[in-house]
Amino acid sequence: MNFVYPNILYLLLLLIIPIIIHLFNFRRYKKLYFSSLQFIKKVEKETNATKNLRHYLILACRMLAFAALIFAFAQPYIPTSNQTKSYENLIPIYLDNSFSMSAKGSNGNLLNQAKTTVQQIADAYPKGQRYLLVTNALDGTEHRIITRSELEDKLEYVNLSPISRSITNPLESMKEYLNSIAYDGNLHYYVISDFQQRNIKESKAAIDTSANYSFLQLAPQINRNLYIDSIWFEQPFQRVNSNNTLNIRVQNTGDEKLTNVELNLNVGGNKRQTLTDLEANNSTVVAMNYTDKSNGIKEGIIEVIDENLFFDNRFHFNYNVEESINVLIINDEKSTPFPGMVYATDDFYTVEQTSVAQLKSNSLNEADLIVLNGLNTISSGIQTQLNQLAGNGIHVLIIPSADFDSKSYNNLLSSFQLPLFREAAEQEIRIGKISSDLDFFSGMFDGNVDNIRMPPLKRYISSSTYTNANYNLLIQYENGMPLLVEQAKGKNVYALYSPINPEFNNFGKSALFSSLVLRVGEKSQGQLPLSLTIGSSDEYRIRMAGQNESALILKQDEYEFIPEMSKNGGFTSVSVRNSIDNQSINDGVYSVLNSGNEIGKLALNYNRFESDMDYASENEITSYFKNLNVTKLNTEGISTLSDIQQLTLKKPNEFWRILLILALTFFLLEMLILIFWKV
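For what it's worth, this note's numbering labels the leading residue of the sequence shown as 213, then goes sequentially.
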């Protein structure tokens with residue numbers, strides 16, 4: 213037999229008090245006046261025997277009543293045969309509080325049902341049992357062995373979390389913690405989750421294979437979800453008074469077709485609404501059009517109407533509408549006018565042309581795009597400035613001259629880790645491949661690029677390549693040599709491997725050249741992601757040239773936090789991948805603050821991992837853990853609960869109720885003796 217509160221047994225020492233009281237009662241003397249001493253001795257002898265028996269019975273009842281009461285408060289129990297050790301040891305519990313647990317169950321949402329399940333597990337054990345409760349947070353505060361009362365308090369503060377975990381992640385975390393404190397007792401793990409398919413994919417996991425496991429699966433009443441998966445603009449950049457086409461991918465995970473699904477768009481008060489139909493277990497792309505009437509940072513939100521899961525109904529985004537793009541074209545004596553003519557066709561570009569001899573530093577610093585248009589040689593001073601400016605986000609387009617100085621050009625190209633010039637080859641050659649799958653060409657071609665026919669080039673510049681390429685081959689000649697390359701790392705330096713002089717070839721007059729030059733101009737606006745996903749590895753690059761070097765702060769209303777940051781040149785990359793605040797970060801648009809000043813906006817959205825309502829079956833869960841070498845697997849514990857009260861756990865044999873009844877019985881017996889046995 214074991215006791216939940218063994219220290220209470222020390223109160224048994226207090227039973228000496230009624231014994232002392234009764235001893236004093238036996239010694240009490242009473243003065244009587246009687247005429248015959250012989251008769252009184254006879255009466256006293258008979259009375260004392262009865263009185264002593266009565267006192268002893270009262271003493272026995274009182275002591276037995278107090279003893280039963282003390283034992284009842286100590287809560288004795290006899291564990292069942294398979295619980296003799298586990299009830300004396302630790303019970304680790306994983307409570308899944310990811311967003312998918314917000315789905316509606318039979319008694320509220322699944323998270324509330326899961327918390328009730330934890331409470332029922334605790335009710336099945338003695339009150340002195342110790343627990344280890346972890347959620348998806350897996351932070352240091354959860355790695356603590358707690359009592360039942362602490363467990364109940366902790367459940368009150370468990371809320372839905374944007375953090376998604378594999379089922380084995382918390383089990384590994386608990387094992388590591390228990391190893392760190394050298395815990396060597398028996399363990400019975402309880403895993404309470406909806407067991408999404410995507411969360412039982414880990415092929416290797418360092419979980420405790422010697423412990424017992426019970427799995428409790430909670431299922432929603434409606435196995436369907438409607439959510440916004442992703443968004444993107446049709447246009448490469450946004451301009452004032454130009455049409456914006458925003459593409460919205462909406463996903464239906466249910467088995468039924470949905471009609472007239474409502475979508476609402478709000479961009480800075482500019483509202484749009486549309487209806488769409490969604491096939492079962494499919495997605496559709498909805499295009500919504502609107503126009504920006506002013507430049508600056510724009511905040512937007514898209515919302516789909518769905519009454520099952522709510523966290524993925526909204527998608528926040530932000531972008532910048534530039535007033536214009538500043539283009540600086542640096543010419544030499546024999547430079548062609550073609551780049552300037554192309555940019556002059558669109559008043560969105562503010563073009564400044566200067567000769568290399570009259571170049572001013574402030575012109576370089578104010579430009580968004582710098583075009584080296586047919587320079588014969590590139591001075592070391594210009595090379596140094598271009599490297600610095602490119603690191604700060606300025607875009608550079610290199611167009612060689614027919615009489616290029618290979619040494620100075622190669623010094624610049626090598627600093628950007630681009631292919632080096634070798635020689636101008638006197639050979640007629642055609643364009644061989646356009647890498648239309650790269651982001652540079654997104655939305656640029658309507659049809660098949662293989663159908664594009666270009667007249668052959670009379671001469672071209674051959675090149676040597678790096679073994680570890682740090683560039684993208686945008687266009688290649690038919691012999692595999694590059695015609696146009698893009699720096700892969702920063703993606704803001706472009707190099708053309710052909711002069712555009714008429715005596716060299718007609719490439720500068722072609723429609724393809726105009727399209728390429730305009731696309732480089734569009735890219736120079738600096739395309740940033742429309743949003744970041746909380747917990748993902750995405751990064752948001754912020755140009756920090758001229759800004760204070762202090763840490764950046766993301767702020768929404770009264771809530772603010774410092775994100776992860778990494779610096780590269782004049783940029784700071786912001787991420788919310790492993791932020792300690794991921795547990796409490798809400799979706800929405802945040803202000804980016806530097807020394808208290810707003811330098812930008814950043815939209816954050818919840819991860820859509822939890823949106824797919826595809827759940828594992830009992831056999832899949834069992835098979836998964838058996839493949840991880842778990843042998844003590846309670847398959848009876850796997851159940852889809854339509855009613856949380858169906859959860860039943862084996863309890864130890866407890867006696868406190870019986871002891872409480874015995875205590876009351878002895879008190880009642882004592883009262884009956886006192887009332888009806890008169891001496």
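Cβ atoms here follow ideal geometry from the backbone N, Cα and C, with glycine treated the same way.
Confirm, please, whether the CB-CB distance from residue j to residue i is below 8 Å.
i           : j           : result
residue 584 : residue 606 : no
residue 749 : residue 787 : yes
residue 544 : residue 586 : yes
residue 402 : residue 333 : yes
residue 221 : residue 282 : yes
residue 443 : residue 475 : no
residue 197 : residue 615 : Lying outside 213 to 891, the shown extent of the chain, residue 197 is not represented and no answer is given.
residue 816 : residue 744 : yes
residue 430 : residue 322 : yes
residue 473 : residue 512 : no
residue 270 : residue 873 : no
residue 450 : residue 531 : yes
residue 687 : residue 641 : no
residue 539 : residue 602 : no
residue 358 : residue 412 : no
residue 595 : residue 647 : no
residue 570 : residue 541 : no
Could you spell out the range, first to last residue, of the beta strand (DSSP E) harbouring residue i?
i           : result
residue 471 : 470 to 479
residue 667 : Segment: none, residue 667 is in no beta strand (DSSP E) and carries neither H nor E.
residue 497 : 494 to 503
residue 578 : Counting along the chain, residue 578 falls outside any beta strand (DSSP E), though it belongs to the alpha helix (DSSP H) covering 573 to 578.
residue 706 : 705 to 708
residue 548 : Careful: residue 548 lies outside any beta strand (DSSP E) and carries neither H nor E.
residue 455 : 455 to 464
residue 632 : 632 to 637
residue 508 : 508 to 516
residue 402 : 400 to 405
Does DSSP classify residue i as helix, strand or coil?
i           : result
residue 536 : coil
residue 223 : helix
residue 889 : coil
residue 338 : coil
residue 231 : helix
residue 809 : strand
residue 743 : coil
residue 297 : Note that residue 297 scores 44 on pLDDT, short of 50, meaning its location in the model is unreliable; the coordinates nonetheless yield the value given after this. The answer is coil: DSSP assigns residue 297 none of H, G, I, E or B.
residue 393 : coil
residue 555 : helix
residue 267 : helix
residue 815 : strand
residue 276 : helix
residue 715 : coil
residue 348 : coil
residue 568 : helix
residue 692 : coil
residue 450 : coil
residue 325 : helix
residue 330 : helix
residue 413 : coil
residue 698 : strand
Using a Cβ-Cβ cutoff of less than 8 Å, which residues in the same chain neighbour residue i once the five nearest sequence positions on both sides are dropped?
i           : result
residue 495 : 441, 461, 462, 463 and 464
residue 805 : 764, 765, 766, 767, 772 and 811
residue 230 : 271, 274, 275 and 278
residue 469 : 489, 490, 491 and 492
residue 613 : 544, 546, 547, 586, 587, 588, 711 and 713
residue 314 : 321, 322, 323, 372, 521, 522 and 523
Note down, in chain order, each residue of its chain lying with its Cβ closer than 7 Å to the Cβ of residue i, except the 5 sequence neighbours on either side.
i           : result
residue 857 : Confidence at residue 857 is low in this model, with a pLDDT of 41, below 50, so its placement is unreliable and the value that follows should be read with caution. Here the set comprises nothing.
residue 232 : none
From the DSSP secondary-structure annotation, give me the bridge partner or partners of residue i.
i           : result
residue 773 : 766
residue 787 : 776
residue 485 : 476
residue 561 : 537
Which same chain residues end up closer than 6 Å to residue i when comparing Cβ atoms and leaving out the 5 residues on each side of it in sequence?
i           : result
residue 485 : 476
residue 707 : 610, 630 and 697
residue 306 : 346, 382 and 403
In terms of residues, what are the limits of the alpha helix (DSSP H) holding residue i?
i           : result
residue 600 : 592 to 603
residue 725 : 723 to 735
residue 624 : 618 to 627
residue 838 : 830 to 839
residue 365 : 360 to 368
Compute every distance between the C-beta of residue i and the non-hydrogen atoms of the ligand SAH, then say whether any falls below 7 Å.
i           : result
residue 707 : Annotation note on the ligand SAH: not contained in the displayed structure, which lists no ligands.
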